[in-house]
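Residue numbering for the sequence shown is 1 to 577, as defined by our numbering. Just so it is clear, CB atoms sit at the ideal spot from N, CA and C, and this is done for glycine as well.
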Amino acid sequence: MNRRLLSELRLVRLPFVLTCVLTLLLAGVVLTQAAFLSNIITRVFLLKVALGDVLPSLAFLAGVVGMRALLVYVERRNTANMAIRVKANLRDRFMSHLMRLGPVYIWGRRTGELTMTATEGIEALDAYFRGFLPGLIGAIVIPTVIAIVVLPIDGLSFLVMLLTAPLIPLFMMLIGATAGGLAHRQFTQMRRMGAHFLDVMQGLVTLKLFNRSQAQVESIAHITDQFRQATMRILRVSFLSAFMLEMLSTLSIAIVAVEIGIRLLYRGIGFEQALFLLIIAPEFYLPLRALGARFHAGATSLATAREIYRVLDAPIQRTLIPSAPIPEHLNIRFEHVTFTYDQRSHPALNDITLDIPFGHKVALVGASGSGKTTLANLLLGFITPTTGRITVNGVDLTSLDINQWRERLAWVPQKPYLFNTTIAENIRIAKTGASHAQIVLAAQAAGAHDFVSQLPQGYDSPCGEHGMRLSGGQVQRIAIARAILKDAPLLILDEATANLDVENEAIVQTALSNLLRAPDRTALVIAHRLNTVIDADSIYVIMDGQVVERGTHDEVMAHNAAYRELVRAFGEDTLDA
């Protein structure tokens, strides 16, 4: 039993209640079937009643058997529908929560493990809601109803059932304590195996170039063998559990049969009574045996549920209750902002104060790891400051609707991501419903139209996973086309001309310059080329998470040694960060 999993039933109350009702009806049908069968056998073989006289009873018995089959069918269809609805809701919540947690949470975890949890992990819960939980209801309802009926008929049989029945769940729990830990280790191995497979597939080119593919084959074989061993340990426990439960139930039925047979031999109980008890005894233990067989699936489901709820319980840093409208003209200010990543003692940003006025172009420069990308992630709303605040026209950024805020900005990252769809669809992500002509204009402005036109399918050409079918420069230009198509009032550029040759850089630079010249556009340029940084309204030099100097290009060149060192280190015409 798991409270968190049981709480999921609130979404399927009616199917769950229907399962309980169907189980109760099934118990009644089982008793009716046993009663009619014992009565017919007694009349035919003991009282010598003609077969024709019991035909109505046989017909009714056939109807009862059919009713039992129908109830089992309806119950299984109902529990299957219940499991599907719970899984669908849980998967939606899982993905929605991941989206709300944002990229920073995902960056700290292996993609393959999250993928396995979202797919195989949630799918593994099917056995819990379709098998284990209905089996648990049956193990409670059916034996209880049978015991209540048996009590006035034969107290001794009732006592034997009462004493032997708890042995089955007791052994099931003792074995299950071991099975639960093994199931958790098995699922952990499966997640690691899936994550490792994904890493190897994505890095296959690198492995081939460095002749490390054979080493990875051996590594995969080792991980696969670990998963095999974990699975075999669970199967051993599962087979032991099945053996013990079968043995206990068989011995319990045998005890009931022996005590009834002895009393029947000495006329201590009537034949029809004894026959009814002998028929109903296996039905009494059957739900307990079935639950034992499903206990392994339940233990596996609980192991996967821990990983699912670990993600769902991850706190969302940002307050998603908007209380202020987005202003038209964006004046952004970082006020003594400090941010420290989880499990890190040193802050990525330390007491940062800077202004991004409306219509201005502000540049951030500094060495790699100085905190520039963290600052951009704060502005994008992926993370929130540990201390301090970010304001937009005096309003705290956390008070704004994050979705509306992101509608007002365009972002060109250093490593853009392209989805495994067409080039046109990848550009259209920036503006849903954009026409083909608008996409072409954006691509032309980004310097992407010429190479796209040369592709066999043009703008309908697939990009491949991660844009694998395109070069790095082509991917960068498509990302820039997105930003141009969006035409947002706030533009964030993070090495937007990276991976471009000199000719294409000049084309893209012209397009970006045109975008930046718009009087109603505010821009934050991070680690850009010197010919872009040089005409910025303000340049902030960041070192070790702190602003060490600010001013125009001429001012920081004249007064700041760190800025001059960057210019000298990366050449007179480039500035890298």
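Exercise. Take residue 601 and list the residues in its own chain whose beta-carbon comes closer than 6 Å to its own, dropping the five residues that flank it on each side.
Key: Any property of residue 601 remains undetermined from this structure, which presents the chain solely from 1 to 577.
Quiz prompt | Outcome for residue 301 when other beta-carbon atoms lying within 10 angstroms are tallied against a minimum of 16 | solution = buried
Quiz item: Does the Cβ of residue 280 lie closer than 7 Å to at least one heavy atom of the ligand HEM?
Solution: By its list of ligands, the structure shown contains no ligand whatsoever, and the ligand HEM lies outside what it can speak to.
Self-check item: Neighbourhood of residue 316 by C-beta distance below 7 Å, restricted to the same chain and skipping five residues each side
Solution: 100 and 101
Exercise. Report the partner residues of residue 411 according to the DSSP bridge assignment.
Key: 492
Exercise. For the beta strand (DSSP E) holding residue 540, just list the boundary residues, first then last.
Key: Per DSSP, residue 540 belongs to the beta strand (DSSP E) from 538–543.
Practice problem: Could you tell me whether the Cβ atoms of residue 27 and residue 104 are closer together than 8 Å? | Solution: no
Quiz item: residue 417: buried (16+ other C-beta within 10 angstroms of its C-beta) or exposed?
Solution: Under this definition residue 417 is an exposed residue.
Exercise. Compare the Cα-Cα distances from residue 234 to each of 78, 298, 517 and 109 and report the closest residue.
Key: 298
Quiz prompt | Delimiting residues of the alpha helix (DSSP H) encompassing residue 40 | solution = Start and end: 13–41.
Practice problem: Could you check what DSSP says for residue 333 in three-state terms: helix, strand or coil? | Solution: strand
Quiz item: What three-state label does DSSP hand residue 250 in the structure shown?
Solution: The answer is helix: DSSP assigns residue 250 an H, G or I state.
Quiz item: Is residue 362 closer than 8 Å to residue 633 when the C-beta atoms are compared?
Solution: The shown model of the chain, from 1 to 577, leaves out residue 633, and the question about it has no answer.
Practice problem: Please check the pair residue 64 and residue 32, which I expect to be a contact at CB under 8 Å, by giving their CB distance rounded to whole angstroms. | Solution: At roughly 5 Å, the Cβ-Cβ gap stays under 8 Å, so residue 64 and residue 32 are in contact.
Self-check item: residue 551 versus residue 462: straight-line alpha-carbon distance, rounded
Solution: Residue 551 and residue 462 have their C-alpha atoms roughly 44 Å apart.
Quiz item: Where residue 224 and residue 496 are concerned, what is the direct C-alpha to C-alpha distance, given to the nearest angstrom?
Solution: 42 Å
Quiz item: Tell me which same chain residues have a C-beta within less than 7 Å of the C-beta of residue 185, skipping the five on either side of it?
Solution: 230
Quiz item: Would the beta-carbon of residue 543 fall within 8 Å of that of residue 367?
Solution: yes
Exercise. Would you mind listing the beta strand (DSSP E) stretches within the stretch 378–430 that are 3+ residues and don't spill past its ends, in chain order?
Key: Taken in chain order, the complete beta strand (DSSP E) segments of 3 or more residues contained in the stretch 378–430 are 387–392 and 409–412.
Quiz item: Considering only C-alpha positions, which residue in the set 404, 445 and 256 is nearest to residue 509?
Solution: 445
Exercise. Starting from residue 87, trace the alpha helix (DSSP H) both ways and give me its first and last residue.
Key: 55–101
Quiz item: What residues are listed by DSSP as bridge partners for residue 355?
Solution: Within the DSSP bridge table, the entry for residue 355 names 333 as partners.
Exercise. Could you give the DSSP three-state label for residue 549: helix, strand or coil?
Key: strand
Quiz item: Looking at the unbroken beta strand (DSSP E) that takes in residue 365, where does it start and where does it end?
Solution: 361–365
Exercise. Would you mind stating whether residue 442 and residue 512 have Cβ atoms separated by less than 8 Å?
Key: no
Exercise. Tell me whether residue 250 is buried or exposed, calling it buried when 16 or more other Cβ atoms sit within 10 Å of its Cβ.
Key: exposed
Practice problem: Indicate whether residue 339 and residue 378 have their beta-carbon atoms separated by less than 8 Å. | Solution: yes
Quiz item: Pairing CB atoms from the stretch 384–395 with CB atoms from the stretch 423–436, are three or more of them under 8 Å?
Solution: no
Quiz item: When the Cα atoms are used, what is the spatial distance from residue 336 to residue 364?
Solution: 17 Å
Quiz item: Distance, Cα to Cα, residue 398 vs residue 384?
Solution: 8 Å
Quiz item: When you compare each of 40, 371, 72 and 91 to residue 273 by their alpha carbons, which one comes out closest?
Solution: Distance check between residue 273 and each of 40, 371, 72 and 91 places 40 closest, using alpha-carbon atoms only.
Quiz item: In chain order, what residues of the same chain lie with their CB nearer than 6 Å to the CB of residue 346, ignoring the 5 residues before and after it?
Solution: For residue 346, where only same-chain residues beyond five positions count, there are no Cβ hits under 6 Å.
Quiz item: Considering only the beta carbon of each residue, do residue 412 and residue 480 sit closer than 8 Å?
Solution: yes
Quiz item: Quick one: what's got a C-beta closer than 7 Å to residue 36's C-beta in the same chain, skipping five residues either side?
Solution: 57, 60, 61 and 64
Practice problem: Could you check which residue in 93, 353, 148 and 143 has the C-alpha nearest to that of residue 23? | Solution: Restricting attention to 93, 353, 148 and 143, the CA atom closest to the CA of residue 23 is found in 143.
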